[in-house]
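Chains as they are written, first to last, in the numbering used here: chain A, -9 to 377; chain B, 4 to 382. To start, the structure itself, in structure tokens.
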Amino acid sequence: MKKLLLVKYAEVHLKGQNRPFFLRLLTKNIKEAARPFGAGVRLHDSRILVSGYDDEEACVDAIRRVFGVHAVSPAVELDKADFDGLCVQAQAMMAHLEGSFKVIARRSDKLYPMDSPQIAAEVGGYVSSHTPKLTVDVHSPQHVLQVEIRDQALLYVENFPGNGGLPTGSSGKAMLLLSGGIDSPVAGYRIARRGVTLSAAYFHSFPYTGEPVKDKVLTLARLLSRYCGSLRVYVVPFTEIQQSIHQQCPDDYTTLIMRRNMMRIAEKLAQKEKALALITGESIGQVASQTLEALSCTDAVVSMPVFRPLIGTDKLEIIQEAVRIGTYETSVLPYEDCCTVFTPRHPVTHPKLKQAEYAERPLLEENLLEQMIQRAVDGVEIIDVRP
Amino acid sequence: MRKLIYLDNAATTAPAQEVITAMTSSLRESYFNPSSLYASGFAVRKQIEASRLMIRQMLRAEDLVFTSGGTEASNLAILGSLQNVRKFGRVLYSAVEHSAVAKTCESLSGQHEVLKVPVTEEGLIDLEALRPLLTPETLMICVMQVNNEVGAIQPLQEVISLRNSLCPDALLHVDGVQGFLHLPLAMTDGVDSYALSGHKIHGPKGIGALALGKRMRVKPMIFGGSQENSLRSGTENTPGIIGLTAAIEAYPKENTIRERKLAFYHLVKELIPDAMVNGPQPESPSACEHIINLSFPPVRAQTLMHALEGEGVMVSQGSACSSKKKTPSATLSAMNIAKARIESALRFSFSRYTSFEDVQFAAHALVKAYQTLRPYTHR
């Protein structure tokens, strides 16, 4: 008898000829997640099995977070030839439960002397006669005991749902504009869930923002990396550009122009990283720079697709998701962001692209902006963040 | 590696070499429990008692309880003495007290009338406002020796004479965390309890003491093995006590802290004429030797602080505004200072290890940062 975890995968099922590619990637990512627990992972008979872990609960949690996992079930593997032993084990696994149950049996070994309904009936009968607190209900049971007959017999009751999605690394790379706020980590999570590998750009305006803010952003990146694997964070020195905008551009346009330049820099970094898209945490109308007009003004400076997975969500929904993925508490840490110096009192809410471009003109003289952007790109600090 | 210049000595200080040596030896060789009855334990007990006696004599105190620091000492003084008072009375504390005192006093507001005594624009307790509050119902007055944010030396003698003539039974608790060793103090002059801390005088963190005057009676707040004459149970922090003692013994009688502070101030004031002093003027006798608080409007203190950090100079915000709540510093607000000035206030605090070169470097770094940041301010 051996304890192991049975990992069920989500959408990968639907893949046709590509399925082996997705499965290999998923197995690799699960291996990565289970490594701290000393566990071995094998892909066998279209099942991913994890064994040899030291801390089951923590290992289950880590694997549930891996994108592409539909559910994780702690299971017991035993010799299928010993049917009596199998019944005893099944009863032992159900002994602490109360209420109704049923047994679902499946056999891929068609030479097994009993067929699936027979197995289910036998095991169910044994369990119900030895566990007085459990009654059989085949229509809406509270507990389901699954029996699988393959090379060995597998028994499992519990089922911990995973995050779904596609295995990280299966859908290319994108650059997340990561701030210390609530939204951007959630946006990154949503895109990463579709198998996209993330990199992140954080705009650091020292001395207006200090080390604690940078540390907070890196913590957020680390929290994200629990789902999407290690990611590279580019810390962009942004002070010079912010100061120039503040000095040379009209007040009401400064935030918009700042966003445009963040996008320009992010795109350059993305190209370096061979990333194919940018990700932001914007949601329509949340703030002045997130109105439709403002978004189209920021989009105008980049040619890459910009993904905004939160575009149609309410703040409350975003907060709920941030709480669920565990980034909320870090996002709301109260480090004063001295960028307030650069926040205009009355930012323009319905900007016109022509006017934004006009407002930005003083920066364009003598290639000033281009040079500043290049300096920012050259001056990035690269930090690799691991779970 | 770039040199770091530490001008945040009011937050904490670097442990003196003498302290590190004494504590290392205590940890290595004198780890015995002072309550143990064999000779090695008893030797530790004797060390602790010798330390107690030394500090007691220095402060002319009747008794001394070692605590985990200044906060616990003030808590013990205020709660420990007032929790036995059944009758309703009045508790006073100055509006610039450290939160270790202010919040402890406020916690008594259900049992007693707790009042905050206003301060002057210099951060000194307003004696005229204090006078009418000193009635026979007054149980306790809490006035710090030196304010931690602006360095104002409180007029303790005047407070004592007012107390003696108007409400002689009221107890006077003095938070001496920023004043200990910087200023002389004799408990026999009329101070009933005095809190001090090790890490502000180049000693270790985690050790402090409450000195008690003749008429002060406190009840314990921590119960257990009856250490510290039952006033503070828990195995004595021997290395801490040894470190505190070493810090006191190593503290020079003569030092150049005031000179350094004034040199810094003059350099800064010359190059940034707009700089404003919060608290007493640096030369005045009410200004302590090691703390100066300056505002540089319209540049925000936090930005300036980070810019100085970038140059290797560590200072602290005068305001405790560390959160998005933006609650301005209670001390500076109590001094009736405008919000914009509070938001640009930085505290510079010096120690005996601060050299003239440090001061020069820091002043120039400050001027440079100020001039760089001056043009970028909120319109």
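Ideal Cβ positions, reconstructed from N, Cα and C, are used throughout, including at glycine.
Does A/PHE73 come out as helix, strand or coil in the three-state DSSP assignment?
DSSP, reduced to helix, strand and coil, places A/PHE73 within a helical segment of the structure shown.
Mind the definition here: the stretch 38 to 56 of chain A touches the stretch -8 to 3 of chain A only if three or more C-beta pairs lie below 8 Å; say whether that holds.
Taking 8 Å as the limit for Cβ pairs, the verdict is that the stretch -8 to 3 of chain A does touch the stretch 38 to 56 of chain A.
Going along chain A in order, which residues have a C-beta closer than 9 Å to the C-beta of B/PRO378?
Within chain A, the residues GLN233, HIS236, GLN237 have their CB atoms less than 9 Å from the CB of B/PRO378, given in chain order.
Please return the same chain residues whose Cβ sits closer than 7 Å to the Cβ of B/ASP195, not counting the five positions on each side in sequence.
Non-local beta-carbon contacts of B/ASP195 in its own chain, meaning distances under 7 Å to residues more than five positions away in sequence, involve LEU174, LEU175, HIS176, GLY216, ARG218, MET219 in chain order.
Residues of the stretch 185 to 198 of chain A with a CB closer than 7 Å to any CB of chain B: list them in chain order, please.
Those would be PHE196, PRO197, TYR198, in chain order.
Alpha-carbon to alpha-carbon, B/HIS269 and B/SER354:
Whole-angstrom Cα-Cα distance: 18 Å.
Mapping DSSP to helix, strand and coil, what is B/ALA278?
Coil.
For A/MET104, which three-state DSSP category applies?
Coil, per DSSP.
Grab me the residues of B/ASN365's own chain with a C-beta within less than 7 Å of its C-beta, minus the 5 sequence neighbours each way, in chain order.
It should be pointed out that residue 365 of chain B corresponds to Ala in this sequence rather than to Asn. So the qualifying residues of the chain are ILE8, LEU10, PHE267, VAL316.
Does the Cβ-Cβ distance between A/SER195 and A/MET165 come in under 8 Å?
No, these two residues do not count as a Cβ contact at 8 Å.
A/CYS328 in three-state terms, based on DSSP:
Bear in mind that a pLDDT of 49 at A/CYS328, under 50, signals an unreliable position, so the model cannot answer this.
Residue range of the beta strand (DSSP E) that B/ASN167 falls in?
No beta strand (DSSP E) holds B/ASN167; the alpha helix (DSSP H) holding it covers 159 to 169.
Please list, in chain order, the residues of the stretch 304 to 321 of chain B that have any C-beta partner in chain A closer than 9 Å.
Listed in sequence order: GLN305, THR306, LEU307, MET308, HIS309, ALA310, LEU311, GLU312, GLY313.
Going by DSSP, what residue range makes up the alpha helix (DSSP H) through A/GLN136?
Going by DSSP, A/GLN136 is part of no alpha helix (DSSP H) but of the beta strand (DSSP E) stretching over 133 to 139.
What three-state label does DSSP hand B/ASN232 in the structure shown?
Here B/ASN232 carries a helix assignment [DSSP, helix/strand/coil].
When you compare the CB of A/LYS200 with every CB in chain B, is at least one pair closer than 8 Å?
For the record, residue 200 of chain A in the displayed sequence is Gly; it is not Lys. It does; some Cβ of chain B falls within 8 Å.
Spatial distance of A/PRO157 from A/THR125 (CA atoms):
If you take the alpha carbons of A/PRO157 and A/THR125, they lie about 39 Å apart.
Same chain, Cβ closer than 7 Å to A/GLY28, five either side skipped, listed in chain order
For A/GLY28, where only same-chain residues beyond five positions count, the Cβ hits under 7 Å are GLY42, TYR43, ASP44.
Cross-strand partners of B/ASN296 (DSSP beta bridge)
Under DSSP, B/ASN296 shares a beta bridge with B/ASN281, B/ARG350.
With DSSP collapsed to three states, give me the class of A/VAL8.
Checking the sequence shown, residue 8 of chain A turns out to be Asn, not Val. Coil.
Taking the alpha helix (DSSP H) that A/HIS236 falls in, what are its first and last residues?
For A/HIS236, the uninterrupted alpha helix (DSSP H) run begins and ends at 229 to 238, by DSSP.
Quick one: residues in its chain with C-beta nearer than 7 Å to the C-beta of B/GLY179, no 5 flanking neighbours on either side, listed in chain order?
For B/GLY179, the CB contacts under 7 Å within the same chain, skipping 5 residues up- and downstream, are GLN148, LEU188, TYR197, ALA198, LEU199 in chain order.
What residue ranges within the stretch 298 to 354 of chain A form continuous alpha helix (DSSP H) runs of no fewer than 4 residues, ordered along the chain?
Positions of the alpha helix (DSSP H) runs, each at least 4 residues long and wholly inside the stretch 298 to 354 of chain A, are given as 305 to 315, 318 to 321, 343 to 354 in order along the chain.
Three-way DSSP call (helix, strand, coil) for A/SER41 in this model:
Correct three-state label for A/SER41: strand.
Report back the beta-carbon spacing between B/VAL302 and B/LEU376 to the nearest angstrom; my notes put them in contact at under 8 Å.
Indeed they touch by this definition, with Cβ atoms about 5 Å apart.
For the candidate residues A/SER169, A/LYS163, A/ARG254, A/ASP69, whose alpha-carbon lies nearest to that of A/SER220?
Of A/SER169, A/LYS163, A/ARG254, A/ASP69, the residue nearest in Cα terms is A/LYS163.
If I measure Cβ to Cβ from A/MET248 and keep anything under 8 Å in the same chain, skipping five residues before and after, which residues do I get?
So the qualifying residues of the chain are ILE231, GLN232, ILE235, PHE332.
Where do the N-terminal and C-terminal ends of the beta strand (DSSP E) with A/SER189 fall, by residue?
Segment 187 to 194, the beta strand (DSSP E) holding A/SER189.
Just verifying my parser: in three-state terms, what is the DSSP assignment at A/GLN373?
Sequence inspection shows Ile at residue 373 of chain A; the Gln mentioned does not correspond to that position. Collapsing the DSSP output to three states places A/ILE373 in a strand.
Is it buried or exposed for A/GLN7, if we count other Cβ within 10 angstroms and need 16 for buried?
A residue is called buried when at least 16 other Cβ atoms come within 10 angstroms of its Cβ; A/GLN7 does not meet this threshold and is exposed.
Under the three-state DSSP convention, the category A/LYS264 falls into
Taken through DSSP and simplified to helix, strand or coil, A/LYS264 comes out as coil.
On the DSSP bridge list, what partners appear for A/GLU47?
None; A/GLU47 has no bridge partner.
Residue from B/CYS170, B/GLU273, B/ILE245, B/LYS264 whose Cα sits closest to the Cα of B/GLU32
Scanning B/CYS170, B/GLU273, B/ILE245, B/LYS264 for the CA closest to the CA of B/GLU32 turns up B/ILE245.
For the beta strand (DSSP E) holding B/MET143, just list the boundary residues, first then last.
Note, B/MET143: beta strand (DSSP E), 141 to 145.
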